[in-house]
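Residue numbers (the numbering used here), protein chains in the order written: chain A, 316 to 771; chain B, 74 to 300.
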């Protein structure tokens, strides 16, 4: 059930360009078919795959080859053989094809095709990967890849390349682990996260861009005890991976107690009741709800007492509730910490006459000059509103926005935003609590009143 | 919704996280725009890849055969003016309007709902055992005059907030309903007069319920859609 893609590392929307080399021919095929062809070709080290046209190009180089450069190209995905990219070894490292060229004591390696200063019998061939002066393990030495050294007094030495399971350690529950272990603790190979066979699963890499679901590496996208993967064994859906725990655990950062920031993973306050008044269940209890969030297994999550916490990256702090019929409740009644910049100046009324020099939004984004056309093409400019003092990139209120001075922003994702300016305390804004005129609506707010809700 | 009953609110949407789990409500104000509350989102520039809205179904977790269900990814979040407690969510594609999916009207700018107007809240949130929380529940709440509400809350009320009368039997919004609509019938149309915001207690019998007064922010809503 293993996919030939398992031997490759994928870089999305990327092209590998070789300077002064003709582009290789294009072939028809799915990514898996191209991987199969590349895997069986001695010369092939990588391939481009165009998902739309289902074409691929087999490449005799990788990003570590000389005179080659990576370039963004939305049409291509680049797949490179893992053996050429890893800077750690699997097993005895006989498949290692990396570019390390110094020994563990720092001596430079002798070129494999050279017979000086040390004569030897390991001659380069297309099959054995003995190229340049890179560390290799052609004799399956237990200490891993090695090389002859350029020091006449030291014939050969191990390169001291770490095993992949030791190369990158994990902190806490390994949610931030981004190492390259791709086998479970029983030695079964992992299934790629971007494939749905042999096991169908919800962890599509596109859907979880912050979880590092690359290739078939062990990861922890669901706040399990430690990193895991779906396996290539149809009889075993998923299994934990063996990854070394770092000796130093990170200190909690941005801890809050009276409010929460972001998703509240660093909230350490003492709210312990749901908004509907149900007490939270203690984390160290399995009654009334059985669960896996045992405090001992989650040392960094501060699962104390029955406080609202967010150990799994949910939307906000939450807890199991003491009521058997309500398993989990978000603690949305804990307020969010304010995240706006301090106001530097103030404005009167709606700020229509504000002529100051503040040029940042409340989020701290720099304003776009009113006369500029990028990143946003303005609908209001010095030309359309010559009377509005639209100078430089200063905050202004040319359309008498009732929420104060604003500007177009330099962030391409934020067309406009309000500025870090507050209303002056002496400024009076007319009350809205007055009768409105007659109102009329079009094409909204209508529903089929005859539509009866039907129970099952 | 505590103290509600299964009902029809075709502009109420369910906001779902990457696991497809409902966590907040929202209101469809334009085919591609939903209004909700920032308390439901980690930040104003949160990466909402994988987050979706679900429309056109009465069930919180409909089966695969639900013919009217629409699920649309969220592509952008825009936070409202300071202290507005509103966000706008842009959808990846326009929702298809039909008898199960409809737009709710926006109120006129600075419109004040007359006291006594009966409005509706809707959502798939916690019912505290008063109803089936696997379906959309709807409850009626009469609007309370601003001054009366201010007195009841001992002055802790802003003009940007809207109150409904406390009912003797606990009726109100609860966990999972936040971001959803307070819809009031005006000139024969349902209008989004308020947005449900988190509070410390659900459906308190002795205190008015608070909502964000949308009419104060309609200029911002139109500006976001225009820009």
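Built from N, CA and C at the ideal position, the CB exists for glycine as well.
Item: Quick check for students: name the residue ranges of the alpha helix (DSSP H) that lie wholly in the region 195 to 280 of chain B, counting only runs of 4 or more.; Value: 219 to 225
Item: DSSP state of residue 660 of chain A, grouped into three classes?; Value: strand
Item: List the endpoints of the continuous beta strand (DSSP E) containing residue 103 of chain B.; Value: 95 to 103
Item: Would the beta-carbon of residue 251 of chain B fall within 7 angstroms of that of residue 113 of chain B?; Value: yes
Item: Could you list which residues in chain B have their beta carbon closer than 8 angstroms to that of residue 592 of chain A, in chain order?; Value: 274 and 275
Item: Looking at chain B, is there any beta carbon in it that lies within less than 7 angstroms of the beta carbon of residue 524 of chain A?; Value: yes
Item: Can you find the residues in the same chain that come closer than 7 angstroms, C-beta to C-beta, to residue 490 of chain A, ignoring five residues on each side of it along the sequence?; Value: 535 and 538
Item: Going by DSSP, name the residue or residues bridged to residue 553 of chain A.; Value: A:545
Item: Counting only beta-carbon atoms, is residue 582 of chain A nearer than 7 angstroms to chain B?; Value: no
Item: What residues of chain A sit near residue 112 of chain B, judged by a beta carbon separation below 7 angstroms?; Value: 647 and 651
Item: Take residue 713 of chain A as the anchor and find which of A:703, A:355 and A:722 has the nearest alpha-carbon.; Value: A:703
Item: Residue 661 of chain A and residue 736 of chain A look like a contact to me (Cβ under 8 angstroms); what is the Cβ gap, rounded to whole Å?; Value: 6 angstroms
Item: Do we get a CB-CB distance below 7 angstroms when we pair residue 292 of chain B with the residues of chain A?; Value: yes
Item: Per DSSP, what kind of secondary structure is residue 126 of chain B in: helix, strand or coil?; Value: strand
Item: Per DSSP, what are the beta-bridge partners of residue 463 of chain A in this structure?; Value: A:471
Item: Pop quiz: residue 262 of chain B and residue 759 of chain A are said to be a contact at Cβ under 8 angstroms. What is the actual Cβ separation, rounded to whole angstroms?; Value: 6 angstroms
Item: For a contact defined as C-beta to C-beta under 7 angstroms, what are the partners of residue 311 of chain A on chain B?; Value: Absent from the model: residue 311 of chain A. The displayed extent of chain A is 316 to 771, so no value can be given.
Item: What does the alpha-carbon distance come out to for the pair residue 92 of chain B and residue 147 of chain B?; Value: 14 angstroms
Item: With distance defined between alpha-carbon atoms, name the residue in A:514, A:740 and A:521 nearest to residue 544 of chain A.; Value: A:514
Item: Might you give, ordered along the chain, the residues of its own chain that have their beta carbon closer than 6 angstroms to the beta carbon of residue 553 of chain A, omitting 5 neighbours on each side?; Value: 543 and 545
Item: Can you give the beta carbon distance from residue 496 of chain A to residue 450 of chain A, rounded, assuming they're within the 8 angstroms contact cut?; Value: Their Cβ separation, rounded to whole angstroms, is 20 angstroms, which puts residue 496 of chain A and residue 450 of chain A out of contact at 8 angstroms.
Item: Mind listing which residues of the region 652 to 665 of chain A have their C-beta closer than 8 angstroms to chain B's C-betas, in chain order?; Value: 654 and 655
Item: For a test of the three-state rule: what should DSSP assign to residue 398 of chain A, helix, strand or coil?; Value: helix
Item: Checking 7 angstroms against the spacing of the C-beta atoms, do residue 217 of chain B and residue 223 of chain B come in under that value?; Value: no
Item: Decide yes or no for the touch test of the region 474 to 485 of chain A against the region 382 to 390 of chain A: beta carbon pairs closer than 8 angstroms, at least 3 of them.; Value: no
Item: Along the region 610 to 633 of chain A, where does the CB come closer than 9 angstroms to a CB of chain B? Name the residues.; Value: 629, 630 and 631
Item: Note down the Cα distance separating residue 433 of chain A from residue 463 of chain A, rounded to an integer number of angstroms.; Value: 7 angstroms
Item: From this set, A:322, A:525, A:358 and A:422, which residue's C-alpha is nearest residue 400 of chain A's C-alpha?; Value: A:322
Item: For chain B, is any of its Cβ atoms less than 7 angstroms away from the one on residue 578 of chain A?; Value: yes
Item: Within 7 angstroms (strictly less), CB to CB, does residue 228 of chain B reach chain A?; Value: no
Item: Which residues in the same chain as residue 422 of chain A place their Cβ atom closer than 8 angstroms to its Cβ, once the five residues preceding and following it in sequence are excluded?; Value: 464, 465, 466, 469 and 472
Item: Output yes or no for whether 7 angstroms exceeds the beta carbon distance between residue 316 of chain B and residue 125 of chain B.; Value: Since the first residue of chain B shown is 74 and the last is 300, residue 316 of chain B is not available in this structure.
Item: Could you name the residues of chain B that residue 775 of chain A contacts, counting a contact when the two beta carbons are closer than 9 angstroms?; Value: Examination of residue 775 of chain A is not possible in this model, given that chain A is present from 316 through 771 alone.
Item: When the Cβ atoms of the region 336 to 351 of chain A are set against those of the region 404 to 423 of chain A, are three or more pairs found closer than 8 angstroms?; Value: no
Item: Could you give the distance in angstroms between the alpha-carbon of residue 282 of chain A and the alpha-carbon of residue 520 of chain A?; Value: The question about residue 282 of chain A has no answer here: the residues shown for chain A are numbered 316 through 771.
Item: What number of angstroms, rounded off, separates the C-alpha of residue 85 of chain B from the C-alpha of residue 195 of chain B?; Value: 7 angstroms
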